[in-house]
Structure formats: structure tokens, C-alpha cells
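Colleague: In our numbering, the protein residues as written are 131 to 373.
The beta carbon of each residue, even a glycine, is placed where N, CA and C say it ideally should be.
Please read all numbers here as calculations on a predicted model, not as lab measurements.
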Amino acid sequence: MNWVDYWNGKPTIYVSARHQQAHDAVVAACIAPFVADASGCVLDFGCGDATRAHLVAERSAKLLLWDAAPSVRQRLSERYAGHGKITVLSPDGLAGIEAGSIDLITVISVIQYLQPSELSELLTNCQRMLSPRGALIIGDVIPPDVGMVHDAWALLSFAGREGFLPAAVTGLIKTAFSDYRTIRSKLQLKTYSQSEIVQLLSSHGYAARRLDRNLGHNQRRMAFEARLPGAGSGGAVGDRLKR
Ligand SMILES: C[S@@+](CC[C@H](N)C(=O)[O-])C[C@H]1O[C@@H](n2cnc3c(N)ncnc32)[C@H](O)[C@@H]1O
């Protein structure tokens, strides 16, 4: 089993429907301010079920969703069939994206599942797709000193705020005995320090900086904004995130 197989099956990460809804709402709310204006074209790479993607689509001209797991793509296609602004891309859909046509690419809670060669390929591909004013946002990056205990604590805090604490406690117990724990210890999640990410982005031709806040509920994890040389400074985007 690899991580795509895991996500293609029945992942136990979300402890309840309420958890998934709350998570997706937070992610959509975090992404939306980065959509520069209503003419913007957005690509969400590794989007997951993205049940609140319509909230991002409302702020943009076009939202492209791509995920490696076939079952996730199937659910997305059913959910957003007929939505005027959302397109669920096929497995090879990324290759068909016109060069320089995407204004915002989001990669949230994904790079921990990628091999270094896959991440490198993704960064090169994003460089090709980004428009001159475009930004790549990589969120929920796990630093090396943040592990399962921190994740569990962040989940409990989130669940307390969002009203699914009993489900979170039960879910954590189930997770302890689930294939997620086994696969996580076998395949390992990739972790990165702030300097590693900035260096990696720089070696792929981006100017990058860490954002003040992560895109997600776990503020022990990190988010980065990357732009191509000559692109906008991104100051306004950073300001929008602070609001
Ligand atoms: C934790 S979910 C994140 C979903 C969404 N971005 C969010 O923040 O809610 C991780 C997603 O990454 C996708 N994924 C896992 N391995 C991948 C790979 N090698 N290439 C692309 N996507 C991958 C999974 O299918 C899954 O939907």
C-alpha cells in the first residue's frame, strides 16, 4: 500500500462527517483570500473531497480540482457536476493546462505524501502553469519536530471549538488501531524545516516566504507563498491572510 492507495480507500483521518465539514470549511476560508480577484483561475492540487470548494469558486473565474486518488476524483465529479466554475481534472489533466494560465495554485496538506522526486516534478510543473502574477501556496507542511501527539492535540482543540469532541476522542482511539497508524509508521510522512522548503522553492526558481499562519487548523504546521521572479510582491496577499 502507498499513500494514494490509502486515500483511495476509506481513510479514517476524518473522525466524523462534522469533522470533514469543519475541516473543509477552514481550508476553503483560508484559500479564498488568496484569490486575487474574480478573473483569477485557481488550481487546487491534491484537493481531497473539497466539499466547500464552491466557496473558493465563488471568488474566482475558474477552479480546477486535481487529486491523485481515483475514488476522490469520482466523488468530486459527482459533487460538482454541472457547476459552472468548477472542473475536476482527469489524471493527465494537469499536462493539458495552458502554460502561464493559473493565477493561484494551492497544495494543502499534500507534500507530506510526496516522494522528493514527485515534489520536485510538481514544483517544476507549477512553474510552467503559473501566470506572471500567480502564486503557489503550499500549506500544512509538517516540521520535523511535529508528530502524531501534536496532531492529536491539535485535533482535540479543533474538535472542542467545532463541537465534535466526543467523535474526536473515539476517532483517535480507532486511529491508534487503524491502518493509518500502520501505514504512517511504515511509509512515513515527509517533514520539512522552514529553511528546507524555502531552499527547495528557491532551487526551482521561486522567491518564497513563510506565511504568518498555516492554512488549516494546526498552527504547528507551516504555510509558504512562492512566486516567480518579476511577479507581484504578495504583500497584499499576506495582509489578507492576517485579517
Ligand atoms: C490530507 S488530504 C488533503 C486534502 C486537501 N488538500 C485538504 O487540505 O483538505 C491529502 C490528499 O493528497 C492526495 N495525495 C496523496 N498522495 C498523493 C500523490 N502522490 N500525488 C498527488 N496527490 C496525492 C490524496 O489523494 C489526498 O486527497
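Just the Cα atoms here: how many angstroms apart are F294 and H149?
Modeller: As a working mapping, residue 294 is identified with position 164 in the sequence shown. As a working mapping, residue 149 is identified with position 19 in the sequence shown. Spanning the two alpha carbons is a distance of roughly 7 Å.
Colleague: Please determine whether the Cβ atom of N138 lies at a distance below 8 Å from any heavy atom of ligand 1.
Modeller: By one-based count along the sequence shown, residue 138 stands at place 8. Within the cutoff, so yes.
Colleague: G277: beta carbon under 8 Å from a heavy atom of ligand 1?
Modeller: Taking the sequence shown and counting its residues from 1, the one referred to as residue 277 is at position 147. It does not: the Cβ of G277 is nowhere closer than 8 Å to a heavy atom of ligand 1.
Colleague: DSSP three-state call for S190: helix, strand or coil?
Modeller: The residue given as residue 190 occupies position 60 in the sequence shown. In this structure, S190 counts as coil in the three-state DSSP scheme.
Colleague: Kindly indicate which three-state DSSP category E228 falls into: helix, strand or coil?
Modeller: Within the sequence shown, residue 228 is the residue found at index 98, counting from 1. E228: coil per DSSP, three-state reduction.
Colleague: From the DSSP output, in three-state form, read off A180 for me.
Modeller: The sequence position of residue 180 within the sequence shown is 50, counting from 1. Looking at A180 - three-state DSSP - the assignment turns out to be coil, as it is neither helix nor strand.
Colleague: State the DSSP-derived secondary structure class of V299, mapped to helix, strand or coil.
Modeller: Numbered from 1 along the sequence shown, position 169 holds the residue referred to as residue 299. DSSP places V299 in helix when its eight states are reduced to three.
Colleague: Given a threshold of 16 other Cβ atoms within 10 Å of its Cβ, counted over all protein chains shown, does G301 qualify as buried or as exposed?
Modeller: Along the sequence shown, read from residue 1 onward, the residue named residue 301 stands at position 171. Buried, by the Cβ-count rule.
Colleague: Under the three-state reduction of DSSP, which class applies to S261: helix, strand or coil?
Modeller: Walking along the sequence shown from the start, residue 261 turns up at place 131. Three-state DSSP puts S261 in a strand.
Colleague: By the three-class DSSP mapping on this structure, what secondary structure does R340 have?
Modeller: Start at 1 with the first residue of the sequence shown, and residue 340 comes out as number 210. Of the three classes helix, strand and coil, the one that applies to R340 here is strand, per DSSP.
Colleague: Compute the distance between the beta-carbons of V276 and I241, then report whether it is under 9 Å.
Modeller: Here residue 276 refers to the residue found at position 146 of the sequence shown. Here residue 241 refers to the residue found at position 111 of the sequence shown. Contact: no.
Colleague: Where G223 and L173 are concerned, what is the direct C-alpha to C-alpha distance, given to the nearest angstrom?
Modeller: On the sequence shown, residue 223 is found 93 positions in, with the first residue counted as 1. On the sequence shown, residue 173 is found 43 positions in, with the first residue counted as 1. The straight-line gap from Cα to Cα measures roughly 11 Å.
Colleague: Start and end of the beta strand (DSSP E) containing M352?
Modeller: Counted from its first residue, the sequence shown places residue 352 at position 222. M352 to R357 is the span of the beta strand (DSSP E), which, as asked, contains M352.
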